[in-house]
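Plus 15 on top of the position in the sequence shown (first one is 1) and you've got our numbering.
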Amino acid sequence: MEGRRVFAGLPVGRELAEAVGEFRQGHSGLRVRWVKPENLHLTMVPPWQCLNVDAVCRALSGEAARQAPFEVSFERVSFGPDPRRPRLIWATGKAPAGMPEFARSLRAPVGAPGEPRKSFLLHLTIARFNSHDFKAMGAHTLRETVLWYGTLDTICLYESILKPGGAHYRELCRFGLGGKSVVGSMPPPVSA
(Lines of atoms letter the chains of each structure in order from A and count residues from 1; the text may use other names and numbers.)
(Lines give C-alpha, C1' and ligand atoms only; values in the text may rest on other atoms or scores of the structure.)
Protein backbone atom coordinates (compact mmCIF):
# COMPACT_ATOMS: atom_id res chain seq x y z
CA MET A 1 0.00 0.00 0.00
CA GLU A 2 1.47 3.29 -1.15
CA GLY A 3 -0.61 5.83 0.78
CA ARG A 4 -1.27 9.43 -0.10
CA ARG A 5 1.25 12.17 -0.86
CA VAL A 6 0.52 14.75 1.86
CA PHE A 7 2.10 17.79 3.48
CA ALA A 8 1.28 20.11 6.37
CA GLY A 9 1.02 23.83 5.75
CA LEU A 10 -0.26 27.12 7.10
CA PRO A 11 -2.74 28.62 4.60
CA VAL A 12 -2.47 32.37 4.08
CA GLY A 13 -5.29 34.69 5.02
CA ARG A 14 -7.07 37.34 3.00
CA GLU A 15 -4.41 40.06 3.52
CA LEU A 16 -1.58 38.02 2.06
CA ALA A 17 -3.72 36.58 -0.75
CA GLU A 18 -4.68 40.13 -1.77
CA ALA A 19 -1.04 41.27 -1.72
CA VAL A 20 -0.05 38.34 -3.93
CA GLY A 21 -2.99 39.12 -6.24
CA GLU A 22 -1.80 42.72 -6.67
CA PHE A 23 1.72 41.51 -7.42
CA ARG A 24 0.34 39.04 -9.95
CA GLN A 25 -1.64 41.78 -11.73
CA GLY A 26 1.47 43.94 -11.94
CA HIS A 27 3.47 41.06 -13.45
CA SER A 28 0.86 39.46 -15.70
CA GLY A 29 3.30 39.33 -18.62
CA LEU A 30 5.49 36.70 -16.97
CA ARG A 31 5.25 33.19 -18.43
CA VAL A 32 4.58 31.38 -15.16
CA ARG A 33 1.90 29.23 -13.53
CA TRP A 34 0.53 31.38 -10.72
CA VAL A 35 -0.46 29.58 -7.53
CA LYS A 36 -4.22 29.86 -7.06
CA PRO A 37 -5.19 32.10 -4.10
CA GLU A 38 -6.81 29.17 -2.27
CA ASN A 39 -3.57 27.17 -2.56
CA LEU A 40 -1.23 29.80 -1.09
CA HIS A 41 0.40 28.35 2.02
CA LEU A 42 3.64 28.07 4.00
CA THR A 43 4.85 24.49 4.08
CA MET A 44 5.63 23.29 7.60
CA VAL A 45 6.27 19.61 6.79
CA PRO A 46 7.24 18.79 3.18
CA PRO A 47 5.43 16.05 1.26
CA TRP A 48 5.62 12.43 2.38
CA GLN A 49 3.65 9.24 1.74
CA CYS A 50 0.99 8.89 4.43
CA LEU A 51 -0.75 5.62 5.21
CA ASN A 52 -3.08 6.89 7.97
CA VAL A 53 -4.62 10.31 7.31
CA ASP A 54 -6.93 10.11 10.34
CA ALA A 55 -3.98 9.59 12.72
CA VAL A 56 -2.08 12.50 11.17
CA CYS A 57 -5.13 14.76 11.48
CA ARG A 58 -5.49 13.83 15.17
CA ALA A 59 -1.79 14.63 15.73
CA LEU A 60 -2.11 17.97 13.92
CA SER A 61 -5.13 18.84 16.06
CA GLY A 62 -3.10 18.40 19.25
CA GLU A 63 -0.08 20.30 17.95
CA ALA A 64 -2.29 23.15 16.66
CA ALA A 65 -3.96 23.58 20.05
CA ARG A 66 -0.55 24.17 21.69
CA GLN A 67 0.70 26.73 19.13
CA ALA A 68 -0.32 30.41 19.04
CA PRO A 69 -0.94 32.05 15.64
CA PHE A 70 2.03 33.58 13.80
CA GLU A 71 2.37 37.18 12.64
CA VAL A 72 4.47 37.11 9.47
CA SER A 73 6.00 39.69 7.17
CA PHE A 74 7.50 39.25 3.75
CA GLU A 75 10.14 41.67 2.53
CA ARG A 76 11.24 40.49 -0.91
CA VAL A 77 9.90 38.78 -4.02
CA SER A 78 12.47 37.03 -6.20
CA PHE A 79 13.23 33.95 -8.27
CA GLY A 80 14.07 30.88 -6.22
CA PRO A 81 15.13 28.64 -4.75
CA ASP A 82 18.42 28.74 -6.69
CA PRO A 83 18.86 32.11 -8.44
CA ARG A 84 21.13 30.50 -11.07
CA ARG A 85 18.54 27.84 -11.98
CA PRO A 86 15.24 29.18 -10.68
CA ARG A 87 11.95 27.33 -10.96
CA LEU A 88 9.62 29.51 -8.94
CA ILE A 89 8.80 33.00 -7.75
CA TRP A 90 8.60 33.33 -4.00
CA ALA A 91 8.21 35.92 -1.28
CA THR A 92 10.68 35.68 1.57
CA GLY A 93 11.09 37.24 4.98
CA LYS A 94 12.38 36.59 8.46
CA ALA A 95 10.63 33.73 10.26
CA PRO A 96 8.79 34.84 13.40
CA ALA A 97 9.90 33.55 16.77
CA GLY A 98 8.82 29.97 17.33
CA MET A 99 7.99 29.11 13.71
CA PRO A 100 11.16 27.10 12.95
CA GLU A 101 10.71 25.14 16.20
CA PHE A 102 7.04 24.52 15.41
CA ALA A 103 7.91 23.18 11.95
CA ARG A 104 10.55 20.84 13.44
CA SER A 105 8.23 19.69 16.23
CA LEU A 106 5.54 18.56 13.77
CA ARG A 107 7.55 15.85 11.99
CA ALA A 108 7.49 13.14 14.66
CA PRO A 109 3.81 13.45 15.70
CA VAL A 110 2.59 13.28 12.09
CA GLY A 111 4.97 10.45 11.20
CA ALA A 112 6.88 12.25 8.45
CA PRO A 113 10.11 10.42 7.63
CA GLY A 114 13.56 11.98 7.59
CA GLU A 115 15.26 14.60 9.66
CA PRO A 116 13.89 18.12 10.03
CA ARG A 117 15.76 20.85 8.16
CA LYS A 118 18.41 22.54 10.27
CA SER A 119 17.55 25.97 8.87
CA PHE A 120 14.11 27.38 8.21
CA LEU A 121 13.40 29.94 5.52
CA LEU A 122 10.11 31.82 5.63
CA HIS A 123 8.94 31.62 2.03
CA LEU A 124 5.69 31.71 0.14
CA THR A 125 5.68 30.22 -3.37
CA ILE A 126 3.52 32.41 -5.60
CA ALA A 127 4.35 31.04 -9.08
CA ARG A 128 6.15 28.16 -10.78
CA PHE A 129 7.74 27.75 -14.18
CA ASN A 130 10.00 25.36 -16.05
CA SER A 131 13.47 26.10 -17.45
CA HIS A 132 12.09 26.56 -20.98
CA ASP A 133 9.72 29.30 -19.78
CA PHE A 134 12.53 30.95 -17.83
CA LYS A 135 14.74 31.07 -20.93
CA ALA A 136 11.84 32.62 -22.85
CA MET A 137 11.73 35.45 -20.28
CA GLY A 138 15.21 36.46 -21.46
CA ALA A 139 17.51 38.24 -19.07
CA HIS A 140 14.62 39.06 -16.76
CA THR A 141 15.63 39.59 -13.14
CA LEU A 142 13.28 39.76 -10.22
CA ARG A 143 14.23 41.16 -6.86
CA GLU A 144 11.53 43.44 -5.54
CA THR A 145 11.13 44.84 -2.07
CA VAL A 146 7.64 44.34 -0.63
CA LEU A 147 5.96 44.84 2.72
CA TRP A 148 3.38 42.10 3.06
CA TYR A 149 1.92 41.27 6.48
CA GLY A 150 -0.49 38.62 7.66
CA THR A 151 -1.61 36.35 10.46
CA LEU A 152 -1.30 32.61 10.01
CA ASP A 153 -3.77 31.05 12.42
CA THR A 154 -4.62 27.70 10.82
CA ILE A 155 -2.78 24.51 9.92
CA CYS A 156 -3.96 22.09 7.25
CA LEU A 157 -3.07 18.67 6.03
CA TYR A 158 -3.15 18.74 2.24
CA GLU A 159 -3.04 15.95 -0.27
CA SER A 160 -0.78 16.80 -3.22
CA ILE A 161 -2.07 15.18 -6.38
CA LEU A 162 0.51 15.39 -9.16
CA LYS A 163 -0.92 16.23 -12.59
CA PRO A 164 0.74 17.13 -15.92
CA GLY A 165 -0.09 20.83 -15.43
CA GLY A 166 1.26 20.88 -11.87
CA ALA A 167 0.19 19.71 -8.42
CA HIS A 168 -3.42 19.97 -7.31
CA TYR A 169 -4.00 20.36 -3.55
CA ARG A 170 -6.91 18.90 -1.64
CA GLU A 171 -7.46 19.82 2.00
CA LEU A 172 -7.85 16.77 4.22
CA CYS A 173 -8.23 18.49 7.60
CA ARG A 174 -7.86 21.97 9.13
CA PHE A 175 -7.27 23.17 12.69
CA GLY A 176 -7.02 26.61 14.27
CA LEU A 177 -3.78 27.46 16.06
CA GLY A 178 -4.10 28.12 19.77
CA GLY A 179 -7.43 26.31 19.94
CA LYS A 180 -9.13 28.74 17.53
CA SER A 181 -12.27 27.20 16.12
CA VAL A 182 -12.38 26.86 12.35
CA VAL A 183 -15.00 25.58 9.95
CA GLY A 184 -14.20 22.17 8.55
CA SER A 185 -11.78 21.19 11.30
CA MET A 186 -12.86 17.56 11.35
CA PRO A 187 -11.33 15.36 8.68
CA PRO A 188 -13.67 13.94 6.07
CA PRO A 189 -14.08 10.16 5.91
CA VAL A 190 -10.99 8.70 4.31
CA SER A 191 -11.26 6.19 1.52
CA ALA A 192 -8.34 4.17 0.25
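Glycine included, every Cβ here is placed at the ideal spot set by N, Cα and C.
Owing to the predicted nature of the structure, the values given are computational and were not obtained by experimental measurement.
Counting along the chain, Gly165 sits inside the beta strand (DSSP E) bounded by residues 158-167.
Going by DSSP, Glu86 is part of the beta strand (DSSP E) stretching over 85-95. Shown here, Leu121 sits in a helix according to DSSP, grouped into three states.
Distance from the CA atom of Asn67 to the CA atom of Gly18, rounded to whole angstroms, is 8 Å. One thing to note: Val161 has its Cβ no nearer than 9 Å to the Cβ of Phe85.
Here Ala23 is near Val60, since their CB atoms are less than 9 Å apart. A direct Cα-Cα distance of roughly 21 Å separates Ala83 from Ser134. Pairing Arg158 with Glu90, the inter-Cα distance amounts to about 10 Å. Residue burial annotation: Ser76 is buried, with at least 16 other C-beta atoms found within 10 angstroms of its C-beta. Here the alpha carbons of Arg100 and Glu186 stand approximately 31 Å from one another. DSSP places Gln82 in the coil class of the three-state scheme, outside both helix and strand. In the three-state DSSP reduction, Ser196 falls in the coil class, being neither helix nor strand. DSSP places Arg20 in the uninterrupted beta strand (DSSP E) bounded by 19-26. By the Cβ rule, the region 169-187 does not count as touching the region 104-114, because fewer than three pairs are nearer than 8 Å.
Closest in C-alpha terms to Gln64, from the list His183, Ile176, Lys195, comes Ile176. For Ser88, same chain residues with a beta-carbon under 6 Å away, outside a window of 5 residues either side, are Gly108, Tyr164 in chain order.
Comparing alpha-carbon positions, the option among Arg73, Leu139, Val125, Ala110 lying closest to Ala34 turns out to be Leu139.
If you ignore the 5 residues before and after Leu103, its C-beta comes within less than 6 Å of the C-beta of Gly95, Thr140, Arg143, all in its own chain and listed in chain order.
For His42 and Gly36, the gap between their C-alpha atoms comes out near 10 Å.
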